[in-house]
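What follows is a single structure, written as structure tokens, with notes after it.
Number of protein chains: 2
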Amino acid sequence: MGAAKFLRGLARKFDQSGLAVVVNTGDDERFYGLHVSPDVDTVIYTLAGVVNPATGWGLAGETFNALSALGRLHGKPWFNLGDRDLATHLYRTERLAQGATLTQITAELARRFKVKAAILPMSDEPVRTFVKLKGKAPLPFQEYFVRGRARGAVEKIELRGAHDARPTTDALAAIKRARAIVIAPSNPFVSIGPILALAGVREALAAVRDRVAAISPIVGGKTIKGPADKMMRGLGHEVSPLGVARLYREIASLFVIDVVDHRYLEPIRALGMRAIATDTIMSDPDRAAALATVVSRALSV
Amino acid sequence: MGAAKFLRGLARKFDQSGLAVVVNTGDDERFYGLHVSPDVDTVIYTLAGVVNPATGWGLAGETFNALSALGRLHGKPWFNLGDRDLATHLYRTERLAQGATLTQITAELARRFKVKAAILPMSDEPVRTFVKLKGKAPLPFQEYFVRGRARGAVEKIELRGAHDARPTTDALAAIKRARAIVIAPSNPFVSIGPILALAGVREALAAVRDRVAAISPIVGGKTIKGPADKMMRGLGHEVSPLGVARLYREIASLFVIDVVDHRYLEPIRALGMRAIATDTIMSDPDRAAALATVVSRALSV
Chain X
3 MGAAKFLRGL ARKFDQSGLA VVVNTGDDER FYGLHVSPDV DTVIYTLAGV
53 VNPATGWGLA GETFNALSAL GRLHGKPWFN LGDRDLATHL YRTERLAQGA
103 TLTQITAELA RRFKVKAAIL PMSDEPVRTF VKLKGKAPLP FQEYFVRGRA
153 RGAVEKIELR GAHDARPTTD ALAAIKRARA IVIAPSNPFV SIGPILALAG
203 VREALAAVRD RVAAISPIVG GKTIKGPADK MMRGLGHEVS PLGVARLYRE
253 IASLFVIDVV DHRYLEPIRA LGMRAIATDT IMSDPDRAAA LATVVSRALS
303 V
Chain U
3 MGAAKFLRGL ARKFDQSGLA VVVNTGDDER FYGLHVSPDV DTVIYTLAGV
53 VNPATGWGLA GETFNALSAL GRLHGKPWFN LGDRDLATHL YRTERLAQGA
103 TLTQITAELA RRFKVKAAIL PMSDEPVRTF VKLKGKAPLP FQEYFVRGRA
153 RGAVEKIELR GAHDARPTTD ALAAIKRARA IVIAPSNPFV SIGPILALAG
203 VREALAAVRD RVAAISPIVG GKTIKGPADK MMRGLGHEVS PLGVARLYRE
253 IASLFVIDVV DHRYLEPIRA LGMRAIATDT IMSDPDRAAA LATVVSRALS
303 V
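In the order they appear, the protein sequences are chains X and U. Each residue of the first sequence is one higher than the one before, starting from 3 at the first, in the numbering used here. Each residue of the second sequence is one higher than the one before, starting from 3 at the first, in the numbering used here.
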């Protein structure tokens with residue numbers, strides 16, 4: 003998850019209490035009756051410094067005894083839920099049943115994990131991302147991504163519920179108030195796309211476009227991790243930083259690409275964006291912090 | 003739990019597939035949004051041979067990582083839920099939400115655990131046992147028993163919902179069809195009492211009284227484990243096998259007491275019951291099997 007790595011870098015440079023993170027909930031899923039918010043949890047665990055460094059999701063030093071027992075009752079599991087991670091999902095599910103919003107619950111969880119940044123689910127209403135593969139019925143995102151290991155030619159992304167779900171007032175206020183906004187090097191269709199699809203979000207970003215940067219998730223013609231490149235291809239976009247820049251040109255004034263892609267600087271500038279090339283491969287926290295520094299300076303923060 | 007030990011003994015002597023166990027659900031409780039049926043689970047785990055032998059409840063070799071993480075979110079837990087045990091509660095809770103009955107769910111769980119005996123929750127409708135201590139408001143059973151460690155002078159037992167809850171047709175049919183019925187040496191008020199309080203259960207047992215035995219949970223003036231003796235005292239009953247026999251005289255024809263209590267044989271016979279004295283301390287499975295043999299022979303099975 004490029005967003006999590008970038009956040010870790012940002013948190014090295016800036017005090018967490020000055021950060022607000024608007025997080026996709028389109029890939030939330032119910033497992034065993036529990037409401038799981040994979041992106042929200044990854045952001046919390048990352049900023050809390052307890053994320054499993056090997057996977058980038060879940061908790062470090064986790065055990066999976068409940069899951070193996072669930073396998074006995076339900077058949078082989080395909081989504082990994084650690085024992086301590088389960089506590090997070092139990093907490094969220096119980097609070098939702100009590101009528102609390104995802105926003106409230108996320109704030110409670112973040113506080114328990116001593117995360118000072120504001121973690122803001124994009125919406126308190128359900129959005130479900132479906133991925134349609136060639137010749138198949140649309141699959142809920144986690145079934146495509148985890149169960150199906152992101153294999154197959156992507157034909158279409160459906161953001162079910164995105165037309166009816168409203169962004170939270172906290173998320174919109176964060177966009178309005180921020181001195182700088184960075185669209186992380188995440189999947190433009192299934193990570194950033196659901197947020198942008200909510201009514202008013204594109205407009206809110208466009209209104210502060212001067213303060214918005216986006217970082218290309220495409221480096222050297224592919225993604226570091228994840229299926230963004232395959233999705234771009236399948237959905238008819240050019241698989242390059244330029245292809246991504248086109249998606250964000252109306253909402254971001256600055257586009258950040260990797261040095262290996264410097265030849266795209268001019269074509270991106272021709273879209274009406276500022277463009278800079280830097281090292282965007284966040285192979286360790288220092289390099290993530292360096293990227294955060296470059297981006298924030300370019301936004302004059 | 004005297005019932006579980008006795009069941010283990012029964013299962014040594016008889017084929018499990020011939021056994022039906024009607025189980026108390028009055029001490030069911032919700033923890034972290036999960037429906038926990040402690041007595042049902044103890045019976046399943048015991049008959050599956052996977053119960054924690056040290057405690058008599060929960061699973062052998064269990065870990066508690068989810069619970070410790072829940073403690074971080076909710077404050078120090080007082081009810082122990084193991085990681086693999088959680089799978090059982092997750093399964094039950096999800097199936098209840100889907101509209102399945104406790105009876106169906108228990109059968110599903112028993113099958114997954116390869117338990118051949120029929121495990122029958124007493125009711126598919128909620129009954130909640132409350133314990134009123136002197137000078138205090140009534141506490142749900144688990145709060146009294148686990149959180150409060152069964153301390154305090156018991157003034158009253160309230161079986162909330164018992165008037166409205168119906169015994170299941172499976173439980174009533176099992177009583178009607180059984181060649182022999184044993185009321186286990188369990189707490190007469192909070193383990194057996196809720197079952198007997200359901201409309202029609204006492205009548206169903208009275209109709210087959212000749213085939214019903216009860217084993218005294220009081221041996222030498224106290225219980226082996228648990229608060230039955232304190233409850234008998236607090237509720238104004240004689241703390242002896244005779245005191246227990248009086249509770250069951252209309253529904254059981256045979257009363258089984260420990261050899262140390264042989265002086266109660268005649269007083270119990272005077273109640274109109276047959277009475278036998280044998281070793282009722284089930285300190286190991288062999289002795290539990292021996293007790294099961296004595297009781298079943300006395301019922302001519």
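No residue lacks a Cβ here, since even glycine has one placed at the ideal position from N, Cα and C. Treat the numbers as computed from the prediction; the structure is a model and nothing was measured.
For residue i, name the three-state secondary structure that DSSP assigns.
i: residue 293/U; result: helix
i: residue 216/U; result: strand
i: residue 121/U; result: strand
i: residue 264/U; result: helix
i: residue 48/U; result: helix
i: residue 138/X; result: coil
i: residue 61/U; result: strand
i: residue 130/U; result: strand
i: residue 225/U; result: strand
i: residue 197/U; result: helix
i: residue 72/X; result: helix
i: residue 256/U; result: strand
i: residue 42/U; result: helix
In chain order, what residues of the same chain lie with their CB nearer than 8 Å to the CB of residue i, ignoring the 5 residues before and after it?
i: residue 267/U; result: 259, 277, 278, 279
i: residue 116/U; result: 50
Check for me: the alpha helix (DSSP H) holding residue i runs from which residue to which?
i: residue 107/X; result: 104-114
i: residue 278/U; result: It is not in any alpha helix (DSSP H) - residue 278/U instead sits in the beta strand (DSSP E) that spans 276-280.
i: residue 22/U; result: Looking at the DSSP string, residue 22/U is not in any alpha helix (DSSP H); the run it does join, the beta strand (DSSP E), is 22-25.
i: residue 148/U; result: It is not in any alpha helix (DSSP H) - residue 148/U carries neither H nor E in the DSSP assignment.
i: residue 243/U; result: 243-250
i: residue 81/U; result: From DSSP, residue 81/U is part of no alpha helix (DSSP H); its letter is neither H nor E.
i: residue 8/X; result: 4-15
i: residue 172/U; result: 171-179
i: residue 204/X; result: 203-209
Residue i to residue j, Cα distance in whole Å?
i: residue 131/X; j: residue 146/X; result: 10 Å
i: residue 99/U; j: residue 113/X; result: 30 Å
i: residue 86/U; j: residue 253/U; result: 39 Å
i: residue 233/X; j: residue 299/X; result: 31 Å
i: residue 218/X; j: residue 8/X; result: 12 Å
i: residue 123/U; j: residue 110/X; result: 37 Å
i: residue 6/U; j: residue 79/X; result: 31 Å
i: residue 73/U; j: residue 183/U; result: 42 Å
i: residue 1/U; j: residue 246/U; result: There is no way to answer for residue 1/U, as the model of chain U reaches only from 3 to 303.
i: residue 159/U; j: residue 19/X; result: 52 Å
i: residue 178/U; j: residue 94/X; result: 45 Å
i: residue 165/X; j: residue 196/U; result: 52 Å
i: residue 275/X; j: residue 191/X; result: 20 Å
i: residue 96/X; j: residue 212/X; result: 41 Å
i: residue 119/X; j: residue 176/X; result: 12 Å
i: residue 157/X; j: residue 35/X; result: 30 Å
i: residue 257/X; j: residue 216/X; result: 5 Å
i: residue 261/X; j: residue 207/X; result: 26 Å
i: residue 221/X; j: residue 194/X; result: 17 Å
i: residue 107/X; j: residue 42/X; result: 11 Å
i: residue 161/U; j: residue 173/U; result: 19 Å
i: residue 264/U; j: residue 243/U; result: 10 Å
i: residue 16/U; j: residue 105/U; result: 23 Å
The beta strand (DSSP E) that contains residue i, what's its start and end?
i: residue 183/U; result: 183-185
i: residue 162/X; result: 156-162
i: residue 32/U; result: 31-33
i: residue 37/U; result: 36-38
Using C-beta distances below 7 Å, list every residue in its chain close to residue i, excluding the 5 sequence neighbours before and after it, in chain order.
i: residue 168/U; result: 125, 127, 200, 201
i: residue 84/U; result: 60, 61, 64, 65, 66
i: residue 150/X; result: 141
i: residue 12/U; result: 21, 294
i: residue 54/U; result: 60, 61, 62, 64
i: residue 81/X; result: 33, 144, 148
Excluding five sequence neighbours on each side, which residues of the same chain lie with their C-beta closer than 6 Å to the C-beta of residue i?
i: residue 4/U; result: 186, 187, 188, 219
i: residue 10/U; result: 48, 287, 290
i: residue 229/X; result: 152
i: residue 249/U; result: 190
i: residue 198/U; result: 204
- prompt: What residues in the stretch 95-129 of chain X have a beta carbon less than 7 Å from any beta carbon of chain U?
  reply: 95, 96, 99, 114
field: Short-range partners of chain U found in the stretch 74-85 of chain X, where Cβ spacing is below 9 Å
entry: 74, 75, 76, 84, 85
message: Beta carbons nearer than 8 Å to chain U: which residues of the stretch 19-41 of chain X have them?
response: 34, 35, 36
- prompt: In chain order, what residues of the stretch 40-61 of chain U put their CB closer than 9 Å to some CB of chain X?
  reply: From the stretch 40-61 of chain U, only 61 have a Cβ closer than 9 Å to chain X.
field: Contact residues within the stretch 169-198 of chain U, judged by C-beta distance below 8 Å to chain X
entry: Residues: none.
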